[in-house]
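Trainee:
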Amino acid sequence: MIIAVDGFAATGKSTLAKMLSKHYEIPFVDSGALYRGITFFSIENDFIKGGELDQDALRTRLSEVKMKFDPQTGDLYLNDKNVAEKIRRAEVSEYVSTIAAVDFVRAFVLRELRQMGNQNGLIMDGRDVGTVVFPDADFKFFFNASPEVRAERRFEEITAKGQKITFDEVLQNLLIRDKTDSERDLAPLKKAEDAIEVDTSNLTINQVFGFLIRTIALK
Ligand code: DC
1471 MIIAVDGFAA TGKSTLAKML SKHYEIPFVD SGALYRGITF FSIENDFIKG GELDQDALRT
1531 RLSEVKMKFD PQTGDLYLND KNVAEKIRRA EVSEYVSTIA AVDFVRAFVL RELRQMGNQN
1591 GLIMDGRDVG TVVFPDADFK FFFNASPEVR AERRFEEITA KGQKITFDEV LQNLLIRDKT
1651 DSERDLAPLK KAEDAIEVDT SNLTINQVFG FLIRTIALK
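Residues in the sequence shown are numbered from 1471 upward in steps of one, following the numbering used here.
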């Protein structure tokens, strides 16, 4: 069984995808983590200067990037280093949408993601899982929520980790990312025709979870 959970940033996709993964005992894959891993690699290697990505430099070095998830913790390893915490930093969030719009980056990540689908089943969250990565997924959900609710959730998450950021910076980052993700030419963020839309603005995590498992059971 393949379940695709797509949608806007900070709508609760990964929280719910992890809960489904536990419930059905099938692996969870966070597709955005791979785009974040490549963004972190680009920052570390100074491919981003003055806010601009040096595409040629990244293209030349992309074959060095080896990424895998720890099956127990879900942590991302980039060339054998645990980067789970680093890829969530504000600097990575700032540039990840730009990097995710680059054609050879998407081709690279798409190949990695499809390989993971060769296993028995999986739950993947992202932006184009139901439209491009697994268009034949058994279940497709598309998450949305109001920008303020999303920014509030992300703000709580970031400040709880002790990182300094303002509510407005979080909100702006989400809005800019949504715009870049939705307007890019390649595999833009959009609801697959056959995806079920879930607005999580006024729902608790458990209410969303209940809705998802009832929907899956009914099919
Ligand atoms: O889910 P996330 O916020 O960690 O994703 C980070 C970025 O990666 C997001 O802004 C867009 C990009 N992304 C994508 O283009 N396609 C995916 N399937 C997953 C993420």
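Don't be surprised by glycine CBs; every beta carbon is placed ideally from N, CA and C.
Suppose only complete runs of 3+ residues qualify. What are the beta strand (DSSP E) ranges in the region 1536-1611, listed by chain order?
Mentor: Whole beta strand (DSSP E) segments, 3+ residues: 1537-1539, 1546-1548, 1592-1596.
Trainee: Assess, as a yes-or-no matter, whether the region 1559-1574 is touched by the region 1640-1650 under the definition of 3 or more beta carbon pairs within less than 8 angstroms.
Mentor: Touching, yes, given that three or more Cβ pairs across the two stretches are closer than 8 angstroms.
Trainee: In three-state terms, what does DSSP make of ILE1518?
Mentor: DSSP places ILE1518 in strand when its eight states are reduced to three.
Trainee: Using only the heavy atoms of ligand 1, determine whether one of them is closer than 7 angstroms to the beta carbon of GLY1587.
Mentor: No - ligand 1 has no heavy atom lying nearer than 7 angstroms to the Cβ of GLY1587.
Trainee: If you draw a straight line from the alpha carbon of THR1543 to that of ARG1620, how long is it in whole angstroms?
Mentor: Between THR1543 and ARG1620, the C-alpha separation is close to 25 angstroms.
Trainee: Is the separation between the beta-carbon of VAL1562 and that of LEU1548 shorter than 8 angstroms?
Mentor: Not in contact: VAL1562 and LEU1548 (Cβ atoms no closer than 8 angstroms).
Trainee: Which residue from VAL1575, PRO1658, MET1489, VAL1599 puts its Cα closest to that of ASP1524?
Mentor: Ranking the options by Cα distance to ASP1524, first place goes to VAL1575.
Trainee: Could you please give me the residues that DSSP links to VAL1499 through a beta bridge?
Mentor: According to DSSP, which records beta bridges pairwise, VAL1499 is partnered with MET1594.
Trainee: Rounding to the nearest angstrom, what Cα-Cα distance links PRO1605 and SER1501 in this structure?
Mentor: Each residue's Cα considered, the two are about 15 angstroms apart.
Trainee: Quick check: ALA1503 and GLY1600, are their CB atoms within less than 8 angstroms of each other?
Mentor: Cβ atoms of ALA1503 and GLY1600: not closer than 8 angstroms.
Trainee: Mind reading off the beta-carbon distance from ILE1683 to ASN1590? Whole number of angstroms is fine, and I expect it under 8 angstroms.
Mentor: Actually they are not in contact, since the Cβ atoms of ILE1683 and ASN1590 sit about 19 angstroms apart, beyond 8 angstroms.
Trainee: Nearest by alpha-carbon distance to PHE1625: which of SER1616, THR1636, ALA1615, PRO1617 is it?
Mentor: Looking at the Cα atoms, THR1636 is the closest of the given residues.
Trainee: Ligand 1 heavy atoms versus the CB of ARG1647: any closer than 7 angstroms?
Mentor: ARG1647: yes, Cβ under 7 angstroms from ligand 1.
Trainee: Would you mind reading off the limits of the beta strand (DSSP E) that contains ALA1452?
Mentor: For residue 1452 there is no data in the structure shown, the boundaries of the chain being 1471 and 1689.
Trainee: Measure the Cβ-Cβ separation of PHE1498 and LYS1483 and say whether it is below 8 angstroms.
Mentor: Cβ atoms of PHE1498 and LYS1483: not closer than 8 angstroms.
Trainee: Using the three-state DSSP reduction, which class does ASN1614 fall into: helix, strand or coil?
Mentor: The answer is strand: DSSP assigns ASN1614 an E or B state.
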